[in-house]
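Notes to accompany the following structure.
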Amino acid sequence: MDILIPQNWTPKEIDRANTKRVEFRRNPYTSGVANLDNMIALDKAVILCPAHTRKFSPKRARYCVHPAANLRRVVGDCDVCKERGLSFLFICEKDALEERKKVEKFNRAREYGFLYKG
Amino acid sequence: MEFAYDLVGNSAAVMERYQVAATNTTIGRPYLKTADGGTGIVLATVSGAVDFIGVNVDAAGTYVTAQQSDNSDTARLTSIIINPLAVYRARLCGGAANEALSAASVTTASTDGLSVTTSAFNPNSPDLDEGTIWGYSGANAGKAKKITSTATGVATVIVAFPFDTAVGDQFLYANVHPTRSILAQFGTDMTTIDATATLSSDATVITVKMLLNDLAGEGTTQSYAFIQFADSLFAGLT
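If you read the sequences in order, they're chains B and W. Those letters in the first sequence? Residues 1222 to 1339, per this note's numbering, in order. Those letters in the second sequence? Residues 461 to 698, per this note's numbering, in order.
And the structure:
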């Protein structure tokens, strides 16, 4: 079979060929949303920037914000856009249940306990 | 153990994800740096916290090394709080398996508040010298003091308890004390402190403060130590 390679491409043909070539360029990175899906499938903690938090439905993913008030906002890389900054931390409901128990246990201890510093 | 706060002030928890070197499904375990020839960060041991990295907030999953038949990624990451000056709260336990603390009853009254005598409990075996003793029931309930010496059945303090101890009063003991830097003995799941073990003088863990409870507050299961890992790798000290 002969492959014909035109030698005198017009600029429009070159643009069209470049556009087509991009489709076959190897992409070593998983897209942000696919990465988020993977994290959710593995029940991993998810960090999302404010912009992607607004698009994320924790209830549908069976996730919720971290029960500990001091871990709801964390500094980390967004799992969608990789932007680093003050973000929201979500954990899967299964882990959240255990973490909520710890938080409530500590809150009860704090209510009755006394701080000792020597 | 859980993230309590950062000594810097209002700073939020800073998180990174790292490849692990072992399967772990427990949340709240300390991790150490990747070893020479290792595959990832390693779990701290019950008495080892040198080159501390941080504490995890999710499970690492099942650790794999071999290529997977479905060509899925072999990475097993876990999310770690890496603040070098983070303070964590750890529950004080009466044994390695997260048992409740045991309250010891006074068998010989003291009229100066400088000693607690409990013939059925020996604070010198394991030796809890330099630890903390606090009232669980009786007149001194809710009052804590530093143990300055121990003998068979006797814990001595220098700063006296405010009230005399009476026979039947109960006290709780822990091997840690605020501002003491020691090699803490963690429970086997690494989320608690075994308050009954004798500690060495290693300085990898500092007790910042303690939250103690008496009988009314179920102190045997609801007492905590706030600890900081002094040998945090990200503090740039090593």
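We put the CB at the ideal spot given by N, CA and C, even for glycine. In this text the structure is predicted, and so the values were computed from the model without any measurement.
Less than 9 Å between CB atoms is the rule here; does residue i satisfy it with respect to chain W?
i	result
B/ARG1329	yes
B/ARG1321	no
B/ILE1312	yes
B/ASN1291	yes
B/HIS1191	Because chain B spans 1222 through 1339 in this model, residue 1191 of chain B falls outside it and cannot be assessed.
B/GLU1244	no
B/ALA1266	yes
B/VAL1213	Missing from the structure shown is residue 1213 of chain B; chain B here goes from 1222 to 1339 and no further.
B/LYS1303	no
B/VAL1324	yes
B/ARG1294	yes
Should residue i be flagged as near chain B, meaning a C-beta pair shorter than 9 Å?
i	result
W/TYR478	no
W/ARG549	yes
W/LYS493	no
W/PHE621	no
W/ILE487	yes
W/MET670	yes
W/SER692	no
W/ALA599	no
W/TYR596	no
W/PRO583	no
W/ASN673	yes
W/SER539	yes
W/VAL576	no
W/GLY500	no
W/THR680	no
W/VAL506	no
W/ALA464	yes
W/SER683	yes
W/ALA655	no
W/VAL517	yes
W/THR610	no
Measuring alpha carbon to alpha carbon, tell me which residue in the options is nearest residue i.
i	options	result
W/GLU476	B/GLU1320, B/LEU1269, B/ALA1289	B/LEU1269
B/ARG1305	W/ALA546, W/ARG489, W/ILE487, W/VAL474	W/VAL474
W/LEU492	W/ASP572, W/ASN673, W/ILE541	W/ILE541
W/GLU559	W/SER692, W/THR681, W/LEU693, W/PHE686	W/THR681
W/ASN600	W/THR571, W/SER609, W/ASN516	W/THR571
B/ASP1298	B/ARG1329, B/THR1274, B/SER1308, B/GLY1334	B/SER1308
W/VAL627	W/GLY595, W/ALA620, W/LEU545, W/SER609	W/GLY595
W/GLY688	W/ALA657, W/VAL636, W/LEU672	Here residue 688 of chain W turns out to be Gln, not Gly, going by the sequence shown. Among W/ALA657, W/VAL636, W/LEU672, the Cα nearest to that of W/GLN688 belongs to W/VAL636.
B/LEU1336	W/PHE686, W/GLY514, W/ARG536, W/TYR478	W/PHE686
W/VAL502	W/THR483, W/TYR684, W/SER471	W/THR483
W/VAL665	W/ARG549, W/ALA676, W/LEU574, W/GLY497	W/ARG549
W/PHE581	W/ALA519, W/THR656, W/GLY521	W/THR656
Given a threshold of 16 other Cβ atoms within 10 Å of its Cβ, counted over all protein chains shown, does residue i qualify as buried or as exposed?
i	result
B/VAL1254	exposed
B/TRP1230	exposed
W/ILE653	buried
W/VAL468	exposed
W/ARG489	buried
B/ASP1300	buried
W/CYS553	buried
B/GLU1234	exposed
W/ASP691	buried
B/LEU1318	exposed
W/ILE618	exposed
W/THR651	buried
B/ARG1275	exposed
B/VAL1243	exposed
W/PRO544	buried
W/ARG561	In the sequence as displayed, the identity of residue 561 of chain W is Leu instead of Arg. Result: buried.
B/PHE1311	buried
W/VAL566	buried
If you follow the beta strand (DSSP E) that residue i is in, where does it begin and where does it stop?
i	result
W/LYS603	First-last for W/LYS603: undefined, no H or E at that position.
W/VAL510	Here W/VAL510 belongs to no beta strand (DSSP E), and DSSP marks it neither H nor E.
W/VAL474	473 to 479
W/ILE687	684 to 689
W/ARG549	546 to 553
B/ARG1236	Arg is not the amino acid found at residue 1236 of chain B; the sequence shown has Asp there. Not the beta strand (DSSP E): B/ASP1236 falls in the alpha helix (DSSP H), residues 1232 to 1244.
W/ALA634	630 to 634
W/PRO638	Element bounds for W/PRO638: n/a, residue is neither H nor E.
For the alpha helix (DSSP H) that contains residue i, what are its first and last residues?
i	result
B/ASP1258	1253 to 1262
B/GLU1325	1314 to 1333
B/ARG1281	1279 to 1282
Return yes when the C-beta of residue i is under 8 Å from any heavy atom of the ligand NAP, and no when it is not.
i	result
W/ASP530	By its list of ligands, the structure shown contains no ligand whatsoever, and the ligand NAP lies outside what it can speak to.
Residue ranges of each beta strand (DSSP E) within the region 562 to 625 of chain W, 3 or longer
Here the runs fully enclosed are 575 to 577, 592 to 597, 604 to 611, 614 to 617.
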